[in-house]
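The structure under discussion appears below in the form of structure tokens.
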Amino acid sequence: MDVDLYTPDVIADPWPTLATIREAGPIVWNERGYWMSAQDRVCRRIFAHPENFSVKPVVPAFFGEDAFISIDDKARHNELRLMWSDAFRPAGIARLAQMVHSIADRMLDPLVERLEAGETVDMVEGLCRHLPAYVIAHMLGVPAEMQGMMIEWSDKMAASTAGGYDIDYETDPAWLAGEAAKRDMAAYVVDLIRERRARPTEDLISQMTHSSVGKTLSEDAMVINSRQLMFAGSETTANWLGHIVHVLGKRPDVRRELNADRALMRGATEEVLRWEPVVHALPRTAVGDIEIEGVVVPDGAAVVPLLGAANRDPRRYDNPEALDIRRSGPASLAFGFAIHNCIGIYLARLEADQTTAAILDRIPDYELTETIRYSGFTLRGPAALPIARC
Ligand code: HEM
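Under this note's numbering, the first residue of the sequence shown carries the number 1131, and numbering increases by one thereafter.
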């Protein structure tokens, strides 16, 4: 096949293209220079075998060699991930509910005021894009006055791969801007690390510097791991919130059902993420000639599991194209699978559910005033969401 997944048309509506790839076979060669898999079972197999399908070289090029998202070796990966595992378990995350709800309320205050005055407001700019970044910056221990800057750096990192993985690392302006942002963030975070090493508090940077593995890490490695969290914790959840706001604006029936029964919330937000996932493509590289369902992927070939396509695989889900907030089927691939599955699942879910509750409470009825544009393919969410009261 010859498919460009990064054209405006595909970004606007990837679903017909993804269905064609999924039906073309378990793993399909794209003339653009990589193998693609759009079937749930095959994507899971790829993620479950980092010894056959490595995150290297693309993931370390983006996050840095020492980030645990960049490490295939299970023992080393798990050792590093352990420094934050407790903080991200459900019990630890549940304690953040009030903090998250109050950030949502604070951000909604000016938006509600403007909506009541008859204005149109952009929910991406006013709420979705920044809320998760404030939460993770707060958890890391970044003081309030620097949180805006952290968000700006993280946004530049996100923009650096918006055109896909075929990047000229020497000249691509978006990549170079992302690299500059990483350096600036690093220079700031290293000061924070030194400060917390000397005077620990409860935050994630203090937990890292004082954990047994943290004590063995270089400052560079600590910076890279913190930056990974800042990026992964903000750009992803921001897009999930965008998809939720979009669904609530387009589907008054869903809004009515959630208002009538808030117990539906958990299933509803999770279903939005299955149906409109944020992370569509994750890069891997074949280590050796690897056979998958009768196809041999040669050593060194780029392999891209397509998570959004897998989330609508009819072999796994009944009626996969339908958004069904009462769906009780199997977990989707939206948060990845196996060794690198998302450490932030419970945090992201808490943010999605608390923010949705706050929106339902504060803006009971609204409509979208424009057809929305999407931000990209690899990380896909609404670029803007202008809404007005109806
Ligand atoms: C909607 C929200 C989110 C989505 C869709 C999402 C998605 C993912 C996916 C697909 C992966 C697998 C990456 C791979 O296999 O290469 C991943 C890993 C990861 N995520 Fe998330 N994520 C979200 C929120 C968060 C949050 C809130 C945090 C932290 C604050 C976070 C931190 C991470 C980290 C550190 C990893 C690497 C885990 C490892 O290698 O062990 N994510 N995420």
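Even for Gly, the Cβ is constructed at its ideal location relative to N, Cα and C. Note that the structure is predicted; figures quoted are calculated from it, not measured.
Tell me, to the nearest whole angstrom, how far the beta carbon of residue i is from that of residue j; I am working on the premise that it is less than 8 Å.
i	j	result
ILE1233	LEU1477	That pair is no contact at about 13 Å.
ILE1151	ALA1178	About 21 Å; that fails the 8 Å criterion.
ALA1398	ILE1455	4 Å
GLU1481	VAL1189	With a Cβ gap of about 24 Å, GLU1481 and VAL1189 do not count as contacting.
ASP1235	ALA1488	6 Å
PRO1156	GLU1400	Contact doesn't hold; Cβ gap of about 26 Å is too wide.
PHE1465	ILE1475	5 Å
THR1250	PRO1516	5 Å
ARG1457	ARG1171	ARG1457 to ARG1171, Cβ: 19 Å. No contact.
ASP1202	LYS1186	7 Å
Residues in the same chain with beta-carbon distance under 7 Å from residue i, minus the five sequence neighbours each way, listed in chain order, please.
i	result
ILE1110	As shown, the chain starts at 1131 and ends at 1520. That puts residue 1110 outside it, with no answer to give.
ILE1266	LEU1359, MET1360, GLY1363, SER1364
ALA1351	ASP1196
THR1486	ILE1374, MET1395, THR1399
For the beta strand (DSSP E) containing residue i, name the first residue and the last one.
i	result
SER1167	1164-1167
ALA1205	Counting along the chain, ALA1205 falls outside any beta strand (DSSP E), though it belongs to the alpha helix (DSSP H) covering 1204-1215.
VAL1433	1432-1435
ILE1266	Not the beta strand (DSSP E): ILE1266 falls in the alpha helix (DSSP H), residues 1261-1270.
VAL1426	1425-1427
ILE1422	1420-1422
How is the alpha helix (DSSP H) around residue i delimited, first residue to last?
i	result
ALA1533	There is simply no residue 1533 to check, as the chain begins at 1131 and stops at 1520 in what is shown.
VAL1158	Unbroken run through VAL1158 is the beta strand (DSSP E), 1158-1160; no alpha helix (DSSP H).
PRO1138	1138-1142
ALA1221	1220-1224
ALA1518	Where ALA1518 is concerned, there is no enclosing alpha helix (DSSP H), although the beta strand (DSSP E) it sits in stretches over 1516-1518.
ILE1354	1349-1380
ALA1154	1145-1154
Quick one: grab the DSSP three-state call for residue i.
i	result
ALA1452	coil
VAL1409	strand
SER1284	helix
TYR1318	helix
GLU1497	strand
ARG1414	strand
ASP1491	helix
SER1184	strand
ALA1197	coil
TYR1476	helix
LEU1388	helix
Below 6 Å CB to CB, which residues in the same chain sit around residue i once its five sequence neighbours on both sides are set aside?
i	result
PHE1361	SER1284, MET1287
ASP1259	Strictly speaking, residue 1259 in this sequence is Arg, with Asp absent from that position. Closer than 6 Å at Cβ, skipping near neighbours: ALA1368.
VAL1426	ASP1419
PRO1082	Within the shown structure, residues of the chain are numbered from 1131 to 1520, placing residue 1082 beyond reach of any answer.
VAL1319	VAL1353, SER1356
CB-CB under 8 Å to residue i, same chain, minus the five flanking residues each way: which ones, in chain order?
i	result
PHE1507	LEU1135, TYR1136, VAL1140, ILE1141, PRO1144, GLY1294, HIS1410, ALA1411
LEU1498	HIS1376, GLY1379, LYS1380, LEU1515, PRO1516, ILE1517
VAL1158	MET1131, ILE1151, TRP1165, MET1166, SER1167, ALA1168
- Task: Could you tell me whether the segment 1378-1390 touches the segment 1485-1495, where touching means 3 or more Cβ pairs closer than 8 Å?
- Result: Contact between the segment 1378-1390 and the segment 1485-1495 is present, because at least three Cβ pairs lie under 8 Å.
- Message: Assess contact between the segment 1239-1250 and the segment 1203-1219, defined as three or more Cβ pairs (one per stretch) separated by less than 8 Å. Is contact present?
- Response: The segment 1203-1219 and the segment 1239-1250 do not touch, with fewer than three beta-carbon pairs separated by less than 8 Å.
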